[in-house]
Structure formats: structure tokens, C-alpha cells
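Number of protein chains: 2
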Amino acid sequence: MAKPRDEQKIERIHAATLKLVQQQGFGGLKMADVAKEAQVATGTLYVYFKDKVELINALYLHLKRKQAKHYLKPEDLDRPFKMSFRLVWENFLLVSLDFPEESAFIEQYYRSPFLRPEVRNEADLLLQAAHDVLLRGQSEELIKPLDTSLLLAHLSGSILELVKWHYAGIIQLDRTNLDAPFSLAWDSVKR
Amino acid sequence: MAKPRDEQKIERIHAATLKLVQQQGFGGLKMADVAKEAQVATGTLYVYFKDKVELINALYLHLKRKQAKHYLKPEDLDRPFKMSFRLVWENFLLVSLDFPEESAFIEQYYRSPFLRPEVRNEADLLLQAAHDVLLRGQSEELIKPLDTSLLLAHLSGSILELVKWHYAGIIQLDRTNLDAPFSLAWDSVKR
DNA sequence: TTGTTCGGTGAATATATATTCATTTATATT
DNA sequence: AATATAAATGAATATATATTCACCGAACAA
Chain C
5 MAKPRDEQKI ERIHAATLKL VQQQGFGGLK MADVAKEAQV ATGTLYVYFK DKVELINALY
65 LHLKRKQAKH YLKPEDLDRP FKMSFRLVWE NFLLVSLDFP EESAFIEQYY RSPFLRPEVR
125 NEADLLLQAA HDVLLRGQSE ELIKPLDTSL LLAHLSGSIL ELVKWHYAGI IQLDRTNLDA
185 PFSLAWDSVK R
Chain U
5 MAKPRDEQKI ERIHAATLKL VQQQGFGGLK MADVAKEAQV ATGTLYVYFK DKVELINALY
65 LHLKRKQAKH YLKPEDLDRP FKMSFRLVWE NFLLVSLDFP EESAFIEQYY RSPFLRPEVR
125 NEADLLLQAA HDVLLRGQSE ELIKPLDTSL LLAHLSGSIL ELVKWHYAGI IQLDRTNLDA
185 PFSLAWDSVK R
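First to last, the sequence lines map onto chains C and U.
Take 5 as the starting number for the first sequence in the working numbering and just add one per residue.
Take 5 as the starting number for the second sequence in the working numbering and just add one per residue.
Written out as C-alpha cells, the structure reads:
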């Protein structure tokens, strides 16, 4: 019938948006720059996304789903507790470390004028599996009996800041030896 | 000679900027809105600040200095180690909790197109006192012998995320009973 | 009291940026 | 091959926003 939608083009637009947000922050994001970086015309952006707001919200949801899939793998959860905990903790850190543009984007979305509460809520549902891991640890009396949200905030905050300081050049995280940062995480929540 | 500079006006401009950044993020910050919120004319903004970039950088440095003063008080450092640690930890958390607009601004400055490296570096120097606290803990063999930057990133990341989740309504921090979150912090770094 | 100097003003201007749309191009269907 | 359909284009347009500036008025000095 006609020229089909080009999914690769959507990926290029996503990648361009991420790159530019990492370089210049959310405030510096311009549609013309996105188009240039993605090697499409500005008008093409509006073929795939209604406007800038929708581009940003669609990308946010896409990233949250992708990341959750990466660090909450079903096969990792089917293990002795401490091993599950370590795998999820390490995967979360490695995702942040390997895709810093994605973390930067997610962090900034939260405080942007583009945030749509329903999109935010949908993304938050993805965390349920993480709560479940901690609940299992508590039922096995290996984890402090505190609110799992409190524990999650503490654990994720630590990881995100470690990665931030890594990219600021203040510390060096070695992906082949994460024992030291893991000991901080584990000792803080273990019973 | 003439009408003197009005320091209160600068404070109003600062406060207005913070309020708007909290509400709409860095990307939504408009000079016209700042002027309206501060109850001055747009032109007045340019009497006190060369342009938007300077307004933001001046405010950032002002906030970092103010916050460092709040949570690194000399009299708190002159105590038995664990008490110093608790005081600094708690003050850092309470500053974030009591002035969430300030933390939001600082967080976003870091990834904005307005960031000026020399300003950022100047602000980072303020952390030296925090390193010193941890170094004392290590010399007294009370703190794990890890890089103090690693420890600081972990501790501050935890606090900032806890406060963020508090304001998102996911957890509730009670300023009169911070024992649970403190136990997470202390157990993670103690020897 | 008067003159002088800046602070203060906000409409006007310049600039930057999002979005549209007439036109062209590519693909699938016939 | 011819046709239909939708993607793709990017200059033109609309919009939004930063910044300027001619004028006003408050404070101080003489």
C-alpha cells in the first residue's frame, strides 16, 4: 500500500534524544538537534511523535521497561536469597553503569515539565518484583524487618550516586570487582 | 548618591527561582515567571544578574555554601566519632528534608546546560570536611577502610533518594525518629 | 531644596525554538 | 508499469521566551 513505518528510525530518534539529554540536560533539548543527530528531518519527528511531550514520555516508558527487564530477570529470582539479592543489585548497577544516558534521562524526567503522572505511575509498577525479592529475604529472616520501600530507596539511591560519581571521575567502579560497593549495600540491609 | 542595592530583592529572586524549579524543573524555568513570582519586573532580574546563566550559577554556589555550613558545623565535629557521624548524617538529611527545593535545584544543576565547571569545582571543595570526618573514623578503626569518596557517594546517595521518595509519598520520614534510616547508613560503613 | 545617580520598570525587540504543511519520494498493491 | 498511499522532507510559520532600553522615581549629597 505505502511506505511502512521504519522502526529503526524510532530507535535512532530515541538514541539521539538520549545522547543530547546526556550532553546538555533536559533543558537544552531541541527538536532540531534531535532531528540532526538522528539524521532525519524535523518533520519526521512529528510523523512518529505527536510533539515533544509525547516523544519524551514515550521514551521514558520505553527505558523503564527495558531497564526493569534487565535487572529483574525471572531466572535470577529463582535462587538462594543472597544470590538473588546480589544478582539484582549487580544488574541494577551494571545497567546504570553501561547505559548512563538512560539513567540520566530517567532521573531528569522525574523533575521535568514533561512528566505525566499516569506514565510515571505505570513505570512505578515495574518495581513490584524488587519489593518481592526483599519480602522473601525478610520471610527468611535475612533482611531487616523495615518497610521495603525504605530499603529500596536506600539501595537504589546508593547505586545511582555511585555511578554518578564514577562518571564525574571522583571514584572508579570496576565492573569485574564490585565487592566493596556490594558490601556497603549488603551490610546495610542484612539482619 | 543613589538608590542602594536591595539585598532582599536578591533573596526574593532566589526564592522564586527555587520554587519554580521545584514545580516545573529546570527546563520549565522562564525569566518572566521568575520575575512575576519574585514580584519584580523582568528588567530587574538583569540589574542583579547578567543573564539567566549567571542567575543560575550564582544561586547554585550560594546554595552549596549554605548547605555545607548547615551540615558540617565545627562544633559537631568536635565529638566522639560516632556522635559526629550521626550529627553530620542527620543534618544532611534534615537539610534535604527541610529545603527540598534546594536539593532539587542542586541535583538538576549538575545535568543542565548552565553548568560551569569552575563553579562546580568550587562547590566540590566544600566536601573536604566530610572526607575528614570519615578519615577520623578510619583512623579510630570504626569505619571500613575504603576510599572515602566511595563511602560519601553511598551515604549521600542513600539520603537524597530517601528524601525524594518521601516527597513522592512512597515512604514517610519522621524527623523525630530517624533511627531506622540511620541504621542503614551506619551498618553499611561501620567496621 | 535641588541635582545626580542608579535601581526599577515593562512594553518592545530580538532571538530561539516548536510545529506545520505543500511537496517530494519510496513502497506496496493492482 | 501504473497507481495509491503514507513516509519523509525542510523551508516557512507560529510561538515562546530571553533580553534590551528609554523612561521613571527613590535615595542620597551638597
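Ideal Cβ positions, reconstructed from N, Cα and C, are used throughout, including at glycine.
**Asked** In chain order, what residues of the same chain lie with their CB nearer than 7 Å to the CB of Leu139(C), ignoring the 5 residues before and after it?
**Response** Thr152, listed in sequence order.
Checklist entry - Taking the alpha-carbon positions, what's the Leu154(U) to Leu188(C) distance? => result Spanning the two alpha carbons is a distance of roughly 10 Å.
**Item:** Own chain residues within Cβ distance below 8 Å of Ile14(C), not counting five before or after
**Value:** Excluding residues within five positions, the ones whose Cβ falls inside 8 Å are Tyr52.
Discussion item. Bridge partners for Ile14(U) per DSSP, in chain order?
Written reply: Its beta-bridge partners do not exist; DSSP assigns none.
Can you look up Ile147(U) in the DSSP assignment and give me helix, strand or coil?
The answer is strand: DSSP assigns Ile147(U) an E or B state.
DSSP state of Lys86(C), grouped into three classes?
Correct three-state label for Lys86(C): helix.
Exercise for review: May I ask you to report which of helix, strand or coil DSSP gives Lys168(U)?
Suggested key: Helix at Lys168(U).
*Could you check where the alpha helix (DSSP H) with Pro8(U) kicks off and where it finishes?*
For Pro8(U), there is no enclosing alpha helix (DSSP H), as DSSP gives it neither H nor E.
Just to confirm the assignment: which complete alpha helix (DSSP H) runs, minimum length 4, are found wholly within the region 96-120 of chain C? Counting whole runs of 4 or more residues, the region 96-120 of chain C contains the alpha helix (DSSP H) stretches 104-113.
Ignore the nearest five residues each way along the sequence and tell me which others in Gln132(U)'s own chain have a CB closer than 8 Å to its CB.
For Gln132(U), where only same-chain residues beyond five positions count, there are no Cβ hits under 8 Å.
Along the region 161-172 of chain U, what residues have a CB closer than 7 Å to any CB found in chain C? Per Cβ criterion, the list reads Gly161, Ser162, Leu164, Glu165, Leu166 and Trp169.
| request: Over the uninterrupted alpha helix (DSSP H) stretch that includes Asn196(U), give me the two end residues. | output: Nothing in the structure corresponds to residue 196(U), since chain U is present only between 5 and 195.
* Asked: Is the Cβ-Cβ distance between Tyr64(C) and Ile110(C) less than 8 Å?
  -> Judged by beta-carbon spacing, Ile110(C) lies within the 8 Å limit of Tyr64(C), meaning their Cβ atoms are closer than that value.
Using a Cβ cut-off of 7 Å, which residues of the region 11-35 of chain C contact any Cβ in chain U, in chain order?
Answer in chain order: Gln28, Gly29, Phe30, Gly31 and Gly32.
| query | Using a C-beta to C-beta distance shorter than 8 Å, which residues of chain C count as neighbours of Leu182(U)? | reply | Here the premise fails: no neighbours, minimum Cβ distance about 11 Å.
Handout entry: Under 7 Å (Cβ pairs) to chain C, residues found in the region 111-131 of chain U
Key = The region 111-131 of chain U vs chain C, Cβ under 7 Å: Gln112, Arg115, Ser116 and Pro117.
Review point. Can you tell me whether DSSP reads Lys40(U) as helix, strand or coil?
Key: Correct three-state label for Lys40(U): helix.
Beta-carbon spacing of Ala36(C), Thr46(C) below 8 Å: Closer than 8 Å, so yes.
- Item | Minimum Cβ-Cβ distance from Val193(C) to chain U less than 8 Å | With its beta carbon less than 8 Å from one in chain U, Val193(C) belongs to the interface.
For this session: Starting from the beta carbon of Ser153(C), find every residue of chain U whose beta carbon is closer than 9 Å, and list them in chain order.
Result: Contact of Ser153(C) with chain U by beta-carbon distance below 9 Å involves Trp169, Ile174 and Ile175.
Would you say Ala157(U) lies against chain C (beta-carbon separation less than 8 Å)? Against chain C, the CB of Ala157(U) has a partner CB under 8 Å away; the residue lies at that interface.
*State the DSSP-derived secondary structure class of Lys194(U), mapped to helix, strand or coil.*
Collapsing the DSSP output to three states places Lys194(U) in a strand.
If we call anything under 8 Å between Cβ atoms a contact, is Leu97(C) one with Ile163(C)?
The Cβ atoms of Leu97(C) and Ile163(C) sit closer than 8 Å to each other.
With a 10 Å radius around its C-beta and 16 neighbouring C-beta atoms as the bar for buried, classify Leu59(U) as buried or exposed.
Burial is judged here by how many other beta carbons sit within 10 angstroms of a residue's own beta carbon; Leu59(U) has at least 16 and is buried.
With a threshold of 7 Å on Cβ separation, who are the neighbours of Phe30(C) within its own chain once the five nearest residues in sequence on each side are excluded?
Once the five neighbours on either side are set aside, the close Cβ partners of Phe30(C) are Gln112 and Ser116.
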